[in-house]
Structures are given as structure tokens and as C-alpha cells.
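Chains as they are written, first to last, in our numbering: chain B, 248 to 799; chain S, 248 to 799.
We put the beta carbon where it would ideally sit given N, CA and C, even for glycine.
Below: the structure, in C-alpha cells.
Printed below as a string of C-alpha cells:
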């Protein structure tokens, strides 16, 4: 680094005049051109990279990767110009990131997003509104209420009157934008906990209990003469539900998994049995039963109608985690899969999943427009009582105006545009399942109810051995098959052309041990059956190149 | 709407061919030009709007505003083209949003951001990485660790050896990016709670208690023979701390406010007294003491060294909420104001505040690189035990790569660039305080320690009356002054040229009632003393136009 360069760098920002320049947006044509040039660099530099690097990521070990990221001292002077920072991101960072936009990336719930999402995200950054309060967001708070009502209506289908009354009501609330599904689920269970252990003022004038939010869990249990509180969740539930139990003070071991049937859906008989056992004991409160609509591992949907009936019968809160599956409601063809969701007390949906928003945007909806009252917080400086600030009844504080992105996307695509993608995912997954079943080397493990399926490599010789053997032998063979799948998945990921994920699943109820499965999530509309066949071809190739020798 | 237009709209996205087009980024020059045109619209359309509408927001009542946002049905077909959506945002949404970038907007902790932040946010959207796991972020996870180490070092100043060991260690963790200060504080207190009520396996082999996260609060209290758990916070603490107490099951009434001295800083004698009282009782556990570094209302910093000493003496967890004040550490001139922060167990800093990132980005740091172990969660599908996934030890699930924005900004500006802004804010606030003291109509209420101050309009005639009167009369006069300030603040906000916020503060320890104060936050580098004088001039003008008649 020579002195001239250092001077140039210094003059960039670390004096007052240049600092001013970065805050006053450029007036003259020359500066405007520069700004646009940078944006072009971002839009097309990244695009070209993704185009010429069809792979998922550059092959580089984690250890090697970390070598360039060891310095822990913040530079006193500016190191680089904006243009150089952007160039570095395109040439150094992007190749070592993960090309989640590739149609060959079918391993996680992260995929390509429509290109205009980048524009919309840039708009929210340029406006930089904070929807925690009206004074820093104004119309964006109003718009957020409207879009919340639109999605609420999609889920709960209340009357015209209902929405007319609540869409812009300052006293009620149909839901919240959250960071992610995790905080949406946490919000739902926080509300369920507080509504379960509400103030006993109205019931019993002798009691001083003012509700769990104020008085805490110890006082709540005492007031309700209980010893334990539990949440019941399908075995396939996301780990954020267990985490919510930990955070809320209930204890994550009291987030009790309910067994699933052979289709990986919550077993209603088992649920019924658990409820009866708990009720018999009399000292345990059931805060909520959670149904999954689009399980992370299998895409399956719990029997929502049956769970809703049981919840109604026993007056138990019913939460649906539809972080993944919620947008299926936009498809006229497949919305019926979510039948029963309209009877939930609360529903989680992630906008950065099947609404195709950029990272990250979760949402939580409540059937009862007063449900969120039990988590309201006020202060003198923001969110004064009686104000319309959205931050009064939310887990998060400062928040970006994600609603503007969702609102715009729905205007640009309509529910029909979204339905095309939803239908494509579900139907392509069905084709993929058929293809897997056709191939001798593979075994379909969970049939896709939506657009997620699991399968595994199961060489016929080993598969045949399993069917005739005892439990101990079965476990042993399955361990061998597990190792094969772990190896093939890893080698495919490292080759960098395509990516499926892996997890461990119990195949049938009663199975003591899970098996390793490969997991495919079909959400990218550019992923078609031909690409999926290529992925299987590659897996076959890897399998034969690694294990043929052993086999022979 | 004519038929031709409807057809055009339909063809936009709601068929497969056009859907494909929005996922495949454009190849030909024509399309590229269109994309850039849209971005120009965003960058300069919004800019021009902000330039020609110097005010904070258009004058429009909330009721009027909501009229256009009543429809709650999602359109089946696309309603608008991207270009029209962007135009609408510029012409309909932006004028009704709040111009937080105006140097006359000095009421909240939201302000102008350097223009390149919009570029950087667009990059994170284009890459769309999810840092919850390595498989959807790779180098971004590594980069996040590095930037976490850089800020950790700024706060805790550990040795070279320490950072070399932990910067890229997969076993330890120096902190987390969070959504906002609220979830950062929640994470800190969640960790403090879990470390307080940790597993008793090691202490007592008879106990089955496996830690509060697993077994819950009831079992924890029982195991530790306690009846109550509390958190002690300065009276000036942010309401998110109280909320954290509610969420964590402790009960928000057990987040106990510690009185402040005449300078609005936590009174160490009072803190000492409270600790002694609690210890005497023997049945209450102190989970954490929270010091504030940059109080929301007054910008004041609690006596961190003294609190740290007390915490050490009594072995109590010490958390510092430096959501606002943290970046003062970047200023060589003023870093000393935060002396003692290096002794905290955890520190909250918001990147969307004085790191000038777009909404929203919080951070939480832990002195002990193993502190986050007590909130770790694993699953089979992501975050497998032993993996390097950042989502294993975090409150949030899916997360955007905010670290890339902070890393880039630090490279572009250096700590020196940031220091210029910090110094400007502190020094301009001091000038503003002097100006307020000079003017007869005003009264400085809290002297700015950093870049936040409060004052009020206090007409000399009323002020003189107060000094000679009894308590009841004082309260009465203060109520009159309160009303004056509420009116002037509201009228100034409605006029739309400038904005200060208001809050209610107890002026001195022992005061029974708070007074209404006007609150100024000087973070926009374009806000200078002349603009602040104009704001005072306007307040004087409003005051005289409204209250002169009454006065005469």
C-alpha cells in the first residue's frame, strides 16, 4: 500500500467533507451515474457470477475458508472504496457463498427469489422506516395492518363485517410481522401461556394474581393450583417450539412430542390418550396443542380438523405452525390440504419461505383480534397507551417494513402467480417421487404430501437382506445404508453441482431407531423433473464410484 | 380499467412463461436496461421526493390515511406492473411515510443512513443467504464470526491470544446478530437466567435438576430453594427489559427499577440497598443487574464501573444495554464515557442505531465465549450437534446476513469515519443545550451526556410561580406546562417541517410526578446548531400563536 493510496482512502470518508457527501444523496449527473454504476455492478455482477458458476458453492474446506477471516481489529482509517467493496463481494464473497438460487439447490427451504424482490428490499432500505411506532413509519403502519388483514382473511375467512371492523382498528390486532418462524412460534406460545394463566381478578376476588406476564410462572401455578404446564407438539414439529418452551420458563422437556402415524402425521389417538392422561392427573395445564402444516423434514400436514375438534372439546389453545405450508392457501387446487387451519387460535407463516420474500420475514396471526392484548407493553417515549403504534403488542422492537415487500409482490403476481409456483412444487415433487420409486437403487421414504419428500439410497442386495432378518440384524444393515447415504450426500455437496440435505427419521410408528434420509424441497420454479433426474443420476454415479469396489 | 390493460396485467406474471422470466435474471441488453431503470427510479425518485419535500411527512390525519387501506381481499390476478408499483411507492407511499432522513427529524433514534447502505442491503437480498446454517450461507457465517470478534474486541479488549483462539472457533461463540435491541436484551437475560439456574448435577449428585431450560422455572426454584427471581434495572432502562422478564417467566413486576440520581444515572447507594435487602431475605435470586449505556430518554450512561464492582462482589451477572451508546467506543475522544463496559458479562448494541445500518440489526456480545452454550438447540435437519451452524445458539431462527453490511461499512468508513459522526452528535447536543439555556422560554431538563437531551417550554411567568409555591400548587402549574408542551410538540409535528419527540420524566429523585419533556436525538450528521435553532424558533412561534391570547 503506497502513500498516495492511503491518502485517497483517507479522503474517502474519514473527513467531514466526504462524510457529508455520503449522507447528501448526489445532485449532479456525474454522481448519479456513479451510483447507478454501483447498482449495475450489484445486479449484474452477481447475476453473471451465478450464471457462470452454476454450482452451489466453490469447493473449499471450512478451515481453508476461515484463513482469510482472522483479523479482529477494526481499521482506524477506511480500507476500501465502495466500488472496491462491491467488487470484493462479487469476486471474493459470492463465490464462497451458497448459490441458493440454483435450481439444483433443493436441500433447504431457501431458494431463488423473483428478481424484483431485490428492488423492493432496496426501497425499504431507502425509506428506512421503523414500524415499531407510527412516528417513524406512518403509512407503513397502516399498510402493514392492511396486509395483515389480507393474510388473516386467507387463513380464517371471517366475514366482510369482521374485516371492515378490524382492518384499521387501533384497539385490535390481527397479527404481527416477526423476524422469522421461530419468533412467530414463540409469540404464539407466549400469548397462549399468558391467556392460559390470565389474571384471576374476574374469577375470584380474593386472588391477587394479576396474570403470568406480570406476576411470573411461580405465582401463576400457585394461583391455578397446578404443578406443571405442557405444550403438545407433533414429533415432526420444528425445534423452535421446544426452544419456545425453554424461553417461556415452561421447560423444554414439557414440550411433549406426540407420536405420528405411518404417514408422518400426528396420531390423533395418541394425542387423545395423552390429553386424557394429563386431565386425569389434574395437576398439569395444557397451554397449547401445536399442529404442523408443512413439516420441515417431510412437508406433511397434521390432521388439523381433528386436532381442532379435540382442542375445542377440551378448551385447549390450538396453534398451527404453517411457516412452510401457509401459502398453499393461495392455490385453488391444493388449499384443501390445509382444511381445519381456520379453526386455529394462531397461525405462523414465513414470508421468506413460500411467499418468496428475501431473508427474513415471519408472520403470526391470531383468530381473536384481542389475543395480543395479553402481551402489550407501553412506555412514555414510544408506544404510549392508547396510541396506534404496532410495537405495543409484539415480541420484537424495531422492525423493517416487510409488509411493503409482501404487499407489492402480491400486487405484481396476484394469488394466481403464487399458485403457479405452489402447484409446480407439489406436482414436481410427485413426479420426483415416481422417478425415485422407479429406480432400483433408491427407496422413497416419505411420499410427498406437499413439495418435500425424503428418500434414500438402498442397494437392492442390502434391501433384500433387511426383509428377511431380525431386529438386531435390521439395525445393523440400516447402519450400513445410513453410512452410504451420508457419504453420497456429502460427496455430492462437495462436488458443488447440486445439493440435497439429509436428516434422520423414524420410518414407522414404533420404530426404535431412525434412518438417514435424503431430503428434497422443491420450491424453485426452475427446478423441473429433468434436473431432479440429473441429481439422482449423479447420486448413482457417486454411489457406484465409491462403493462398487466394496460390493464386488 | 379496460380489457387491454387487464390482459397486459395478466400476462405479467400469472402465466408460466412470465413467471419464469422473473426468476431468470435478464440476459439481453433491453431487459438489463429495464432493471437498471427501475433501480434508478428507486434511488433518485425517492431522493427527489425527499429533496423537494423537506418536511417530515405530509399533513394527513390517521383516519384519512387509513381510507385507502381498507380492502382486505388478495387479488387473484396481478394488479400492477413492477414499474407501476415502484411509481406508486414513490408518489403515494413515500409522501405519507416519515422522512426520517431529514436533519430536522431529531425526535427518535432513527435517522439518515449513508446512501451506500441501500446498495449493501440490495446485495444481501440478491445473495439471499440464510446464516442460520452453514449450508445456506458458508462464507457469510465465517464473516459473521469475524465481525462479531471485531466488535467483541472493541468492547472487551481481550488479548490477541484470546481472539486468535475464538474468532473462528466452532466450539465457542462471542455473540450473535439479532433482530433488534429487544431480542438482544432478551437473549442476554435468557442466558443470565439459564446460567443462574444451571444444572445441579455437578454440585449435588442427588439432584435430578438438569437446568432451567430443560426442566423449567418451577423445578429450578425448587432445586435452588428459592421463591422468587428478580432482575435489577435502572429506572431509565428500556421497556424491552421488563418485557424480557415477562417472556422468561420471571414476571415483569420482578424486573425491579433502581432509582436514579439527579443526573438520571443509576444510584449506586440505592442499588446496594436493594441487593442487601434481597440477600437478607434469602429466598430471592438476582438473575442479573442491567446497566444502561445511552438511556433511550436521556442518553445518560449508568456508572458501569461501580455496578461492575458490586456485581463482582456479590457474584451477580452484569448486563449492559448499550443498544444506543455502544458505538461511542469508536470515538477516541468519548470512549471513556463507557468505562466499565469491559467488565460486563453481556452487552447489547444495535447496528441500526449508531452504526447507521438500515432497519434492523441488533447484536449481543458475551464476555465468556461459552456463555451461549446454555441456550443451544440441535435438530436432525439443521444445526446438528457438532456442526458450525450459527443457528444452534441463537434466539432467532432464519437470519439475513447483516454482518456483511456492517463489515462493509467499517471498511468504507473506518472507525475514524464513525467517530466523526459520534463526536458531531455529542458536540452538537452540547451546543444545543447551551442554546436552550440561553432562551428565556425554555428550560433544559436533562443535560446531554451523549447526544440526547430533554428540555421543555416553561414560560417565565409560570416558572417563577413554581419556585415560590407548595407541592400541590407546583403539581398544578406543572400540569399547565405539560399541556403547553404537548400542544406545541403536536402542532410542530403536524406542521411537518421538523420533529422532536416527547416523553414524561421524573426530574429529580424523590419527585412523585414526572413532567412532560421534549426530547432531541442528534444522530444525523447533517443536523447542526443552526437547524436546531430553527426548531426552537418554530416552537417559540407556535407557543406564542397558541398561548399568547390566553396569556394576555
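Based on DSSP bridge pairs, tell me the residues matched to residue i.
i                      : result
residue 535 of chain S : S:478
residue 690 of chain B : B:703
residue 513 of chain S : S:507
residue 765 of chain B : B:702, B:749
residue 568 of chain B : B:539, B:595
residue 548 of chain B : B:540
residue 502 of chain B : B:478
Give the secondary structure of residue i by DSSP, where H, G and I count as helix, E and B as strand, and everything else as coil.
i                      : result
residue 540 of chain S : strand
residue 285 of chain B : helix
residue 422 of chain B : strand
residue 443 of chain S : helix
residue 486 of chain S : helix
residue 352 of chain S : strand
residue 495 of chain B : coil
residue 318 of chain B : coil
residue 360 of chain B : coil
residue 711 of chain B : helix
residue 794 of chain B : helix
residue 429 of chain B : helix
residue 758 of chain B : coil
residue 587 of chain B : coil
residue 386 of chain S : helix
residue 663 of chain S : helix
residue 468 of chain B : helix
residue 581 of chain B : coil
residue 339 of chain S : helix
residue 326 of chain B : coil
residue 602 of chain B : coil
residue 377 of chain B : coil
Flag residue i as yes if its beta-carbon sits less than 8 Å from any beta-carbon of chain B, otherwise no.
i                      : result
residue 486 of chain S : yes
residue 645 of chain S : yes
residue 376 of chain S : yes
residue 528 of chain S : no
residue 748 of chain S : yes
residue 756 of chain S : no
residue 384 of chain S : yes
residue 362 of chain S : yes
residue 359 of chain S : yes
residue 355 of chain S : yes
residue 662 of chain S : yes
residue 699 of chain S : no
Any beta carbon of chain S sitting closer than 8 Å to that of residue i?
i                      : result
residue 326 of chain B : yes
residue 760 of chain B : no
residue 366 of chain B : yes
residue 503 of chain B : no
residue 445 of chain B : no
residue 703 of chain B : no
residue 708 of chain B : no
Closer than 8 Å, Cβ to any Cβ of chain B: which residues of the stretch 338-351 of chain S, in chain order?
Contacts with chain B (Cβ-Cβ distance below 8 Å) from the stretch 338-351 of chain S involve 340, 341, 343, 344, 345, 347, 348, listed in chain order.
Segments assigned beta strand (DSSP E), at least 3 residues, entirely inside the stretch 608-632 of chain S:
Whole beta strand (DSSP E) segments, 3+ residues: 609-613.
Which residues, in chain order, does the stretch 552-581 of chain B contribute to contact with chain S at a C-beta distance below 7 Å?
For the stretch 552-581 of chain B, which is checked against every Cβ of chain S, not one residue is closer than 7 Å.
According to a CB-to-CB cut-off of less than 7 Å, which residues of the stretch 593-611 of chain B neighbour chain S?
For chain S, the residues of the stretch 593-611 of chain B that bring a beta carbon within less than 7 Å of one of its beta carbons are 599, 605, 606, 607, in chain order.
Between the stretch 489-500 of chain B and chain S, which residues of the former have CB atoms less than 9 Å from a CB of the latter, in chain order?
Those residues of the stretch 489-500 of chain B placed with their C-beta closer than 9 Å to a C-beta in chain S are 489, 490, 492, 493, 494, 495, 496, 497, 498, 499, 500, ordered along the chain.
Using a Cβ-Cβ cut-off of less than 9 Å, give me the residues of the stretch 765-784 of chain S that come near chain B, in sequence order.
For the stretch 765-784 of chain S, which is checked against every Cβ of chain B, the residues closer than 9 Å are 766, 771, 772, 773.
Quick one, which residues of the stretch 418-430 of chain S are near chain B if we go by CB-CB under 9 Å, in chain order?
For chain B, the residues of the stretch 418-430 of chain S that bring a beta carbon within less than 9 Å of one of its beta carbons are 425, 426, 427, 428, 429, 430, in chain order.
Under 7 Å (Cβ pairs) to chain S, residues found in the stretch 510-544 of chain B
So the close ones are 543, 544.
Which residues, taken in chain order from the stretch 310-325 of chain B, show a beta carbon closer than 8 Å to some beta carbon of chain S?
Legend: CB atoms of the stretch 310-325 of chain B lying less than 8 Å from CB atoms of chain S belong to residues 312, 313, 316, 317, 318, 319, 320, 321, 322, 323, 324, 325.
Residues of the stretch 459-472 of chain B with a CB closer than 9 Å to any CB of chain S: list them in chain order, please.
Of all residues in the stretch 459-472 of chain B, only 459, 460, 461, 462, 463, 464, 465, 466, 467, 468 place a beta-carbon less than 9 Å from a beta-carbon of chain S.
Can you pull out the residues from the stretch 276-288 of chain S whose beta carbon lies closer than 7 Å to at least one beta carbon of chain B?
Within the stretch 276-288 of chain S, the qualifying residues are 279, 282, 283, 285, 286, 287.
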